[in-house]
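One structure below.
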Amino acid sequence: MNSRGILIAGNWKMNNGPAATGKFFSELKERAAQAMPGESLELFRNGKLKACIIPPYLSLSRALEAAKMLSFPVEIAAQNAHWEKSGAFTGEVSGQLLAELGLSWVLTGHSERRQFFGDTDETVRKRTESLLTQNFKVIACIGETRAEREAGQTEQVLTRQLRGLFPSAESGASVYLDGRLVLAYEPVWAIGTGLTATPEQAEEAHRIVRRFLSEQVDTSAAEKAQVLYGGSVTPENVNSLLACPNVDGALVGGASLKPESYLALLVAGVHAAAGR
Ligand code: 13P
291 MNSRGILIAG NWKMNNGPAA TGKFFSELKE RAAQAMPGES LELFRNGKLK
341 ACIIPPYLSL SRALEAAKML SFPVEIAAQN AHWEKSGAFT GEVSGQLLAE
391 LGLSWVLTGH SERRQFFGDT DETVRKRTES LLTQNFKVIA CIGETRAERE
441 AGQTEQVLTR QLRGLFPSAE SGASVYLDGR LVLAYEPVWA IGTGLTATPE
491 QAEEAHRIVR RFLSEQVDTS AAEKAQVLYG GSVTPENVNS LLACPNVDGA
541 LVGGASLKPE SYLALLVAGV HAAAGR
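So my numbering is basically just the index in the sequence shown, starting at one, shifted up by 290.
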């Protein structure tokens with residue numbers, strides 16, 4: 291039993307343009323009318339269940355508009371944002387620009403940003419800290435590579451990434467403590483590979499995250515912070531992952547692209563949230 295609730299977030303990465311986004315939400319609406327369990331509305335209302343879709347920038351406006359047609363709330367998040375509010379940063383998007391669109395959620399530190407686009411522990415912290423200060427809710431990702439896991443370095447890597455993410459106590463760490471920061475454990479070896487972490491592996495990593503928060507940050511923040519699991523989550527394996535006491539939801543790539551599988555994940559979220 292805890293008060294954290296369940297979050298089912300779909301990271302669309304570089305998929306689903308505006309037209310596909312519109313189609314996704316209208317199909318989701320139709321399917322949800324049939325398949326969404328009755329108790330879900332109460333769970334959404336009391337904050338025990340949250341749904342989130344993270345489309346590419348170009349589809350954000352369409353998603354914000356289309357999500358309003360649903361009978362349940364779906365938060366829309368951006369996949370990244372720069373730490374500065376404006377300026378000469380060609381190709382970047384700031385929190386200020388996203389807020390103007392009506393967004394209040396952003397993802398930071400995804401391993402694909404770290405692997406392919408030069409994000410480091412330091413730039414992930416700058417993005418996360420700036421967005422939290424601007425009042426966003428942030429889902430910050432961490433996770434070890436296959437080589438790091440095989441070398442027995444999982445705890446060390448997660449601890450390094452977490453330490454990098456949190457500012458020193460003097461520099462305004464309080465924005466990190468009010469429940470707006472969600473952490474996502476995404477082992478790199480499980481992303482897009484069909485190799486999911488076992489529930490035991492996920493629970494063990496989530497415990498490392500919560501222990502870090504409790505020892506290095508704040509005990510009550512540790513109890514409040516949602517920690518999501520990501521990496522080849524599907525409607526088939528989601529129940530066993532959500533059954534882990536320290537897994538507070540899922541961050542899903544491939545299986546969130548189609549309304550039928552995203553809805554199946556949400557339905558699993560309803561059952562898990564009802565049991566917490
Ligand atoms: P997959 O679910 O496609 O493995 O992607 C996970 C992920 O990276 C979500 O952010």
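Backbone N, C-alpha and C define an ideal beta-carbon position, used for all residues, glycine too.
Computed from a predicted structure; not experimentally measured.
Contact annotation: the stretch 432 to 446 does not touch the stretch 360 to 371, with fewer than three C-beta pairs closer than 8 Å. Judged by DSSP secondary structure, L397 falls within the beta strand (DSSP E) whose first and last residues are W395 to T398. Residue pairing by DSSP places A367 opposite W395 in a beta bridge. A straight line joining the alpha-carbon of A378 with that of L471 spans about 28 Å. Judged by the Cβ position, N301 qualifies as a neighbour of the ligand 13P at the 7 Å threshold, a heavy atom of the ligand being closer than this.
With respect to F315, A367 sits apart: the two C-beta atoms are not nearer than 8 Å. With respect to the 8 Å criterion, A474 and A480 are not classified as neighbours on the basis of their beta carbons.
Rounded to the nearest angstrom, the gap between the Cα atoms of A545 and T524 is 6 Å. Considering only I432, E317 and M304, the residue with the shortest C-alpha distance to R415 is I432. Between R500 and A512, the C-beta gap is smaller than 8 Å, which places the two residues in contact. For S464, the three-state secondary structure derived from DSSP is helix.
Residue side-chain check: A545 places its Cβ nearer than 7 Å to a non-hydrogen atom of the ligand 13P.
In terms of Cα proximity to N292, the closest of L331, K514, L388 and L318 is K514. In the three-state DSSP reduction, N336 falls in the coil class, being neither helix nor strand. With 16 or more other Cβ atoms from the protein chains shown falling within 10 Å of its own Cβ, D409 counts as buried. Distances taken from the Cβ of L333 to the heavy atoms of the ligand 13P include none shorter than 7 Å. Under the Cβ criterion (8 Å, minimum of three pairs), the stretch 557 to 565 counts as touching the stretch 322 to 336.
Rounded to the nearest whole angstrom, the CA to CA distance from L547 to A299 is 11 Å. Burial state of E419 is buried, judged by a 10 Å Cβ sphere holding 16 or more other Cβ atoms.
Of the residues K375, K338 and L485, the one whose Cα lies closest to the Cα of T423 is K375.
When the beta-carbon positions are compared, L485 and S530 stay at least 8 Å from each other. In the DSSP assignment, S384 is bridged to H372.
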